[in-house]
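Colleague:
Numbering (mature numbering (1 follows the signal peptide of the UniProt record, and there is no 0)), first residue to last: -21 to -1, 1 to 303.
Okay, here's the thing in C-alpha coordinates:
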(Lines of atoms letter the chains of each structure in order from A and count residues from 1; the text may use other names and numbers.)
(Lines give C-alpha, C1' and ligand atoms only; values in the text may rest on other atoms or scores of the structure.)
Protein backbone atom coordinates (compact mmCIF):
# COMPACT_ATOMS: atom_id res chain seq x y z
CA UNK A 1 0.00 0.00 0.00
CA UNK A 2 2.85 2.39 0.84
CA UNK A 3 4.43 1.93 -2.59
CA UNK A 4 1.08 2.49 -4.34
CA UNK A 5 0.64 5.71 -2.38
CA UNK A 6 4.17 6.74 -3.34
CA UNK A 7 3.45 6.22 -7.03
CA UNK A 8 0.26 8.24 -6.69
CA UNK A 9 2.21 11.08 -5.08
CA UNK A 10 4.74 11.03 -7.91
CA UNK A 11 1.99 11.39 -10.49
CA UNK A 12 0.26 14.11 -8.50
CA UNK A 13 3.45 16.14 -8.04
CA UNK A 14 4.19 15.87 -11.75
CA UNK A 15 0.74 17.20 -12.58
CA UNK A 16 1.22 20.07 -10.14
CA UNK A 17 4.55 20.96 -11.69
CA UNK A 18 6.66 20.18 -8.62
CA UNK A 19 8.87 17.90 -10.72
CA UNK A 20 10.35 20.76 -12.71
CA UNK A 21 10.52 23.38 -9.95
CA UNK A 22 13.95 24.71 -9.05
CA UNK A 23 15.66 22.31 -11.48
CA UNK A 24 14.66 19.18 -9.55
CA UNK A 25 12.85 16.38 -11.33
CA UNK A 26 11.13 13.21 -10.19
CA UNK A 27 12.73 11.43 -13.17
CA UNK A 28 16.16 13.03 -12.89
CA UNK A 29 18.04 9.70 -12.89
CA UNK A 30 15.65 7.81 -15.17
CA UNK A 31 18.10 7.47 -18.04
CA UNK A 32 21.44 7.67 -16.21
CA UNK A 33 20.69 5.52 -13.15
CA UNK A 34 17.18 4.08 -13.35
CA UNK A 35 17.69 1.75 -10.37
CA UNK A 36 18.94 4.46 -8.00
CA UNK A 37 15.78 4.75 -5.89
CA UNK A 38 15.31 0.99 -5.67
CA UNK A 39 18.92 0.53 -4.55
CA UNK A 40 18.66 3.19 -1.85
CA UNK A 41 15.35 1.77 -0.63
CA UNK A 42 16.75 -1.76 -0.39
CA UNK A 43 19.73 -0.67 1.69
CA UNK A 44 17.66 1.59 3.94
CA UNK A 45 15.06 -1.08 4.64
CA UNK A 46 17.81 -3.57 5.50
CA UNK A 47 19.17 -1.25 8.18
CA UNK A 48 15.88 0.06 9.58
CA UNK A 49 14.25 -3.37 9.75
CA UNK A 50 17.04 -4.47 12.09
CA UNK A 51 17.12 -1.19 14.04
CA UNK A 52 13.79 0.70 13.76
CA UNK A 53 15.04 3.64 15.85
CA UNK A 54 17.20 4.59 12.87
CA UNK A 55 14.09 5.97 11.17
CA UNK A 56 13.97 8.93 13.55
CA UNK A 57 17.74 9.38 13.31
CA UNK A 58 17.75 9.46 9.50
CA UNK A 59 14.80 11.85 9.35
CA UNK A 60 16.67 14.15 11.73
CA UNK A 61 19.87 13.85 9.71
CA UNK A 62 18.07 15.10 6.59
CA UNK A 63 16.49 17.96 8.57
CA UNK A 64 19.88 19.04 9.94
CA UNK A 65 21.37 18.94 6.46
CA UNK A 66 18.68 21.11 4.92
CA UNK A 67 18.72 23.72 7.70
CA UNK A 68 22.46 24.39 7.35
CA UNK A 69 23.57 25.55 3.89
CA UNK A 70 20.52 23.85 2.39
CA UNK A 71 19.95 20.24 1.29
CA UNK A 72 23.47 19.76 -0.07
CA UNK A 73 24.81 16.82 1.94
CA UNK A 74 27.18 19.08 3.85
CA UNK A 75 26.20 17.48 7.17
CA UNK A 76 27.83 14.26 5.92
CA UNK A 77 31.29 15.77 5.47
CA UNK A 78 34.05 14.95 7.95
CA UNK A 79 36.82 17.31 9.00
CA UNK A 80 40.24 16.34 10.34
CA UNK A 81 40.10 19.55 12.39
CA UNK A 82 36.68 18.68 13.85
CA UNK A 83 35.20 21.91 12.54
CA UNK A 84 32.54 20.52 10.16
CA UNK A 85 28.77 20.67 10.72
CA UNK A 86 28.72 17.23 12.29
CA UNK A 87 31.15 18.48 14.96
CA UNK A 88 28.84 21.24 16.24
CA UNK A 89 27.18 20.65 19.61
CA UNK A 90 23.63 20.19 18.21
CA UNK A 91 24.98 17.63 15.72
CA UNK A 92 26.97 15.45 18.10
CA UNK A 93 23.94 13.21 18.73
CA UNK A 94 23.26 12.69 15.02
CA UNK A 95 23.52 9.12 13.83
CA UNK A 96 22.70 7.01 10.81
CA UNK A 97 25.66 8.12 8.69
CA UNK A 98 26.48 4.47 8.00
CA UNK A 99 23.13 3.97 6.26
CA UNK A 100 23.74 6.87 3.88
CA UNK A 101 27.29 5.68 3.23
CA UNK A 102 26.09 2.14 2.49
CA UNK A 103 23.36 3.37 0.15
CA UNK A 104 25.81 5.66 -1.65
CA UNK A 105 28.34 2.84 -2.03
CA UNK A 106 25.69 0.56 -3.51
CA UNK A 107 24.57 3.24 -5.97
CA UNK A 108 28.17 4.03 -6.94
CA UNK A 109 28.74 0.39 -7.91
CA UNK A 110 25.82 0.60 -10.30
CA UNK A 111 26.21 4.18 -11.54
CA UNK A 112 29.59 5.76 -10.67
CA UNK A 113 29.63 9.54 -10.24
CA UNK A 114 25.95 10.07 -11.07
CA UNK A 115 23.85 10.27 -7.88
CA UNK A 116 24.64 12.94 -5.30
CA UNK A 117 24.95 12.30 -1.58
CA UNK A 118 22.34 15.02 -1.03
CA UNK A 119 19.84 13.04 -3.09
CA UNK A 120 20.80 9.78 -1.40
CA UNK A 121 20.15 11.37 2.02
CA UNK A 122 16.79 12.74 0.89
CA UNK A 123 15.78 9.29 -0.36
CA UNK A 124 17.08 7.52 2.75
CA UNK A 125 15.00 9.80 5.00
CA UNK A 126 11.86 9.02 2.99
CA UNK A 127 12.52 5.28 2.83
CA UNK A 128 13.32 5.10 6.55
CA UNK A 129 9.90 6.52 7.41
CA UNK A 130 8.24 4.17 4.92
CA UNK A 131 10.08 1.25 6.50
CA UNK A 132 8.23 1.81 9.80
CA UNK A 133 4.89 2.17 8.01
CA UNK A 134 4.91 5.95 8.01
CA UNK A 135 3.82 8.11 5.08
CA UNK A 136 5.76 8.22 1.82
CA UNK A 137 6.41 11.11 -0.51
CA UNK A 138 7.79 11.49 -4.00
CA UNK A 139 11.31 12.94 -3.83
CA UNK A 140 12.22 15.36 -6.63
CA UNK A 141 15.90 14.73 -7.46
CA UNK A 142 18.84 16.52 -8.98
CA UNK A 143 20.53 18.10 -5.96
CA UNK A 144 24.28 18.46 -6.06
CA UNK A 145 26.68 18.18 -3.15
CA UNK A 146 28.16 21.15 -1.35
CA UNK A 147 31.89 21.41 -0.77
CA UNK A 148 31.70 23.46 2.44
CA UNK A 149 30.78 22.28 5.93
CA UNK A 150 31.39 24.64 8.84
CA UNK A 151 30.73 24.01 12.50
CA UNK A 152 30.27 27.76 13.02
CA UNK A 153 27.29 27.85 10.64
CA UNK A 154 25.14 25.36 12.52
CA UNK A 155 22.19 27.45 13.68
CA UNK A 156 19.24 25.09 13.96
CA UNK A 157 15.77 25.60 15.40
CA UNK A 158 16.35 25.13 19.12
CA UNK A 159 14.35 22.85 21.44
CA UNK A 160 14.47 25.79 23.87
CA UNK A 161 13.04 28.31 21.38
CA UNK A 162 9.73 30.13 21.61
CA UNK A 163 7.24 30.36 18.79
CA UNK A 164 8.51 33.67 17.36
CA UNK A 165 12.05 32.34 16.94
CA UNK A 166 10.81 29.06 15.48
CA UNK A 167 8.62 30.79 12.91
CA UNK A 168 11.54 33.03 11.94
CA UNK A 169 13.88 30.01 11.60
CA UNK A 170 11.46 28.36 9.20
CA UNK A 171 10.63 31.55 7.32
CA UNK A 172 14.34 32.17 6.73
CA UNK A 173 14.40 28.83 4.87
CA UNK A 174 11.30 29.60 2.83
CA UNK A 175 9.12 27.35 4.96
CA UNK A 176 5.73 28.25 6.44
CA UNK A 177 4.17 28.09 9.88
CA UNK A 178 2.27 25.05 8.66
CA UNK A 179 5.57 23.38 7.72
CA UNK A 180 6.80 24.18 11.23
CA UNK A 181 3.93 22.48 13.05
CA UNK A 182 3.72 19.57 10.60
CA UNK A 183 7.45 18.78 10.63
CA UNK A 184 7.55 19.11 14.42
CA UNK A 185 5.40 15.99 14.44
CA UNK A 186 8.47 14.05 13.33
CA UNK A 187 8.99 13.95 17.11
CA UNK A 188 6.37 11.20 17.17
CA UNK A 189 9.24 8.73 16.70
CA UNK A 190 11.88 10.78 18.52
CA UNK A 191 13.99 9.96 21.57
CA UNK A 192 15.76 12.57 23.68
CA UNK A 193 17.42 12.50 27.10
CA UNK A 194 17.06 13.97 30.57
CA UNK A 195 19.86 16.45 29.97
CA UNK A 196 17.73 18.50 27.59
CA UNK A 197 14.75 18.81 29.94
CA UNK A 198 16.19 18.89 33.47
CA UNK A 199 16.21 22.65 33.72
CA UNK A 200 12.65 22.79 32.41
CA UNK A 201 11.34 20.50 35.13
CA UNK A 202 13.62 21.44 38.03
CA UNK A 203 14.82 25.02 37.73
CA UNK A 204 13.02 26.79 34.92
CA UNK A 205 13.51 30.38 36.09
CA UNK A 206 16.35 29.72 38.55
CA UNK A 207 14.00 29.45 41.53
CA UNK A 208 13.59 25.70 41.71
CA UNK A 209 10.40 25.78 39.66
CA UNK A 210 9.15 24.02 36.54
CA UNK A 211 7.83 25.38 33.26
CA UNK A 212 4.17 26.31 33.90
CA UNK A 213 3.31 25.47 30.29
CA UNK A 214 3.78 21.78 31.16
CA UNK A 215 1.05 19.70 32.77
CA UNK A 216 2.05 19.29 36.47
CA UNK A 217 1.30 15.55 36.48
CA UNK A 218 3.60 15.11 33.50
CA UNK A 219 6.34 17.06 35.26
CA UNK A 220 6.03 14.69 38.22
CA UNK A 221 6.27 11.75 35.85
CA UNK A 222 9.40 13.17 34.23
CA UNK A 223 10.98 13.82 37.62
CA UNK A 224 10.56 10.13 38.44
CA UNK A 225 12.51 9.33 35.29
CA UNK A 226 15.08 12.13 35.48
CA UNK A 227 16.99 12.96 38.63
CA UNK A 228 18.48 16.51 38.77
CA UNK A 229 21.96 15.25 37.88
CA UNK A 230 20.82 12.75 35.25
CA UNK A 231 21.81 13.80 31.73
CA UNK A 232 21.70 10.44 29.96
CA UNK A 233 18.45 8.56 30.56
CA UNK A 234 16.42 8.28 27.34
CA UNK A 235 13.00 9.95 27.20
CA UNK A 236 10.38 9.38 24.50
CA UNK A 237 9.04 12.49 22.80
CA UNK A 238 5.72 10.74 22.16
CA UNK A 239 5.29 8.74 25.38
CA UNK A 240 4.24 5.14 24.82
CA UNK A 241 3.88 5.61 21.08
CA UNK A 242 7.42 6.18 19.88
CA UNK A 243 7.51 3.14 17.58
CA UNK A 244 4.53 4.31 15.53
CA UNK A 245 4.64 7.17 13.03
CA UNK A 246 1.28 8.88 13.43
CA UNK A 247 -0.48 12.06 14.57
CA UNK A 248 -0.46 11.19 18.30
CA UNK A 249 2.24 13.84 18.79
CA UNK A 250 -0.48 16.47 18.44
CA UNK A 251 -2.53 14.82 21.20
CA UNK A 252 0.54 14.92 23.43
CA UNK A 253 1.17 18.62 22.76
CA UNK A 254 -2.50 19.50 23.23
CA UNK A 255 -2.40 17.77 26.63
CA UNK A 256 0.55 20.03 27.60
CA UNK A 257 2.97 17.11 27.51
CA UNK A 258 5.30 18.45 24.85
CA UNK A 259 8.78 17.41 25.91
CA UNK A 260 10.57 20.52 24.67
CA UNK A 261 9.79 24.20 24.98
CA UNK A 262 9.62 24.22 21.17
CA UNK A 263 6.83 21.62 21.32
CA UNK A 264 4.77 23.53 23.87
CA UNK A 265 5.37 26.76 21.96
CA UNK A 266 3.21 25.48 19.11
CA UNK A 267 0.20 26.23 21.32
CA UNK A 268 1.22 29.90 21.54
CA UNK A 269 0.46 30.78 17.91
CA UNK A 270 -3.10 30.88 16.48
CA UNK A 271 -2.12 29.14 13.23
CA UNK A 272 -0.05 26.33 14.71
CA UNK A 273 -2.52 25.80 17.57
CA UNK A 274 -5.42 25.64 15.12
CA UNK A 275 -3.60 22.94 13.16
CA UNK A 276 -3.00 20.93 16.32
CA UNK A 277 -6.63 21.28 17.37
CA UNK A 278 -7.80 20.10 13.95
CA UNK A 279 -5.56 17.04 13.98
CA UNK A 280 -6.73 16.11 17.49
CA UNK A 281 -10.39 16.55 16.53
CA UNK A 282 -10.07 14.54 13.32
CA UNK A 283 -7.67 11.85 14.57
CA UNK A 284 -5.00 13.14 12.21
CA UNK A 285 -7.09 12.79 9.07
CA UNK A 286 -4.86 15.04 6.95
CA UNK A 287 -1.55 14.52 8.73
CA UNK A 288 0.06 11.97 6.43
CA UNK A 289 -0.61 14.06 3.34
CA UNK A 290 0.51 17.24 5.06
CA UNK A 291 3.71 15.63 6.32
CA UNK A 292 4.51 14.36 2.85
CA UNK A 293 4.07 17.83 1.34
CA UNK A 294 6.13 19.53 4.05
CA UNK A 295 8.95 17.03 3.51
CA UNK A 296 8.91 17.87 -0.21
CA UNK A 297 9.04 21.56 0.75
CA UNK A 298 11.97 20.91 3.08
CA UNK A 299 13.83 19.11 0.31
CA UNK A 300 13.89 22.26 -1.84
CA UNK A 301 15.66 24.44 0.76
CA UNK A 302 18.68 26.25 -0.74
CA UNK A 303 19.55 23.42 -3.10
CA UNK A 304 22.54 23.31 -5.44
CA UNK A 305 21.80 22.31 -9.04
CA UNK A 306 23.28 22.62 -12.52
CA UNK A 307 26.98 23.42 -12.36
CA UNK A 308 27.02 24.29 -8.66
CA UNK A 309 28.64 21.92 -6.19
CA UNK A 310 29.71 18.44 -7.26
CA UNK A 311 28.73 14.78 -7.20
CA UNK A 312 30.85 13.37 -4.39
CA UNK A 313 32.41 9.96 -4.77
CA UNK A 314 32.27 9.50 -0.98
CA UNK A 315 29.77 11.28 1.19
CA UNK A 316 32.23 12.02 3.98
CA UNK A 317 34.75 13.90 1.84
CA UNK A 318 34.84 16.26 -1.13
CA UNK A 319 36.33 15.00 -4.36
CA UNK A 320 40.10 15.31 -4.55
CA UNK A 321 39.94 17.69 -7.49
CA UNK A 322 37.61 20.06 -5.56
CA UNK A 323 38.75 23.42 -4.32
CA UNK A 324 37.16 24.69 -1.11
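Backbone N, C-alpha and C fix where the C-beta goes; we use that ideal spot for every residue, glycine too.
A quick note: this is a predicted structure, and the numbers were derived from the prediction, not measured.
For residue 285, tell me which candidate among 16, 181 and 124 has the shortest Cα-Cα distance.
Modeller: The residue with the shortest Cα to Cα distance from residue 285 is 124.
Colleague: Cutting at 6 Å between CB atoms, please list the residues of its own chain near residue 246, excluding the five before and the five after it.
Modeller: Excluding residues within five positions, the ones whose Cβ falls inside 6 Å are 252.
Colleague: Taking 8 Å as the threshold (C-beta atoms), are residue 20 and residue 98 in contact?
Modeller: In this structure, residue 20 does not lie closer than 8 Å to residue 98 by Cβ.
Colleague: Rounded to a whole number of angstroms, what is the C-alpha to C-alpha distance between residue 180 and residue 207?
Modeller: Cα to Cα, residue 180 sits roughly 9 Å from residue 207.
Colleague: For residue 298, which three-state DSSP category applies?
Modeller: Here residue 298 sits in coil by DSSP.
Colleague: Taking buried to mean at least 16 other C-beta atoms within 10 Å of its own C-beta, is residue 210 buried or exposed?
Modeller: It is exposed - the Cβ of residue 210 has fewer than 16 other Cβ atoms within 10 Å.
Colleague: Quick one: which unbroken alpha helix (DSSP H) runs of 4-plus residues sit fully inside the region 141 to 168? Chain order, please.
Modeller: With a minimum length of 4 residues, the continuous alpha helix (DSSP H) runs that stay inside the region 141 to 168 are 142 to 151 and 156 to 163.
Colleague: Going by the DSSP bridge assignment, what does residue 171 pair with across the sheet?
Modeller: Residue 171 pairs with 214.
Colleague: Looking at the secondary structure, which residues open and close the alpha helix (DSSP H) in which residue 276 lies?
Modeller: 266 to 277 is the extent of the alpha helix (DSSP H) around residue 276.
Colleague: May I have the straight-line CA-CA distance separating residue 178 from residue 47, to the nearest angstrom?
Modeller: Rounded to the nearest angstrom, the two C-alpha atoms are 27 Å apart.
Colleague: Between the Cα of residue 7 and those of 294, 298 and 94, spot the shortest distance and give me the residue it belongs to.
Modeller: Ranking 294, 298 and 94 by Cα distance to residue 7 puts 94 first.
Colleague: If you draw a straight line from the alpha carbon of residue 255 to that of residue 229, how long is it in whole angstroms?
Modeller: Their backbone Cα atoms lie some 6 Å apart in a straight line.
Colleague: Between the region 152 to 169 and the region 71 to 80, do three or more beta carbon pairs fall short of 8 Å?
Modeller: No, the region 152 to 169 is not in contact with the region 71 to 80.
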